[in-house]
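If you read the sequence shown in my numbering, its first letter stands for residue 188, the second for the next number, and so on. For glycine and all other residues, C-beta sits at the position ideal for the given N, C-alpha and C. Quick caveat: nothing in here was measured; it's all calculated off a predicted structure.
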Amino acid sequence: TTHVLASGSADKRIILWDLDEAKAAQILPERDGEVQALSWHPAEQSFILTGTLSGTVEVIDCREDSGSPSAVWKLGAQVEQVSSYVHCKSILFPKYTDL
């Protein structure tokens, strides 16, 4: 599908919504904390960055059915925002506050 929205919530889940069909396309496994931040990578459009209240940042390749992260960082602080650098898929910027 070409039109996808990602939502994260206090139930620790991320849902990928198919906007063309107006329904959930994929429900990813529970994260380790409430999902507070989501950001699609601007250049690698199948990658989503996630941040949780428990201080975890993950990179998830949404082409993988498992929903398992391809990279994980434990920051020890509540993640408020995540974003990535458009010219390099390996650089990300979390914004967080101490727990």
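Spatial distance of residue i from residue j (CA atoms)
i    : j    : result
C249 : I214 : 11 Å
T243 : E208 : 31 Å
Q265 : V259 : 15 Å
I202 : Y272 : 24 Å
S257 : I235 : 10 Å
L206 : T189 : 9 Å
K288 : R200 : The requested residue 288 is not part of the displayed model; the chain covers only 188 to 286.
D198 : K261 : 19 Å
Residue i vs residue j beta-carbon contact at 9 Å
i    : j    : result
E267 : S241 : no
W204 : S196 : no
S226 : S270 : yes
E251 : R218 : no
I247 : T239 : no
G254 : P216 : yes
A224 : V191 : no
Uninterrupted beta strand (DSSP E) stretches inside the segment 194 to 247 (no shorter than 3 residues): For the segment 194 to 247, whole beta strand (DSSP E) runs of length 3 or above, ordered along the chain, are 201 to 205, 210 to 214, 222 to 227 and 234 to 239.
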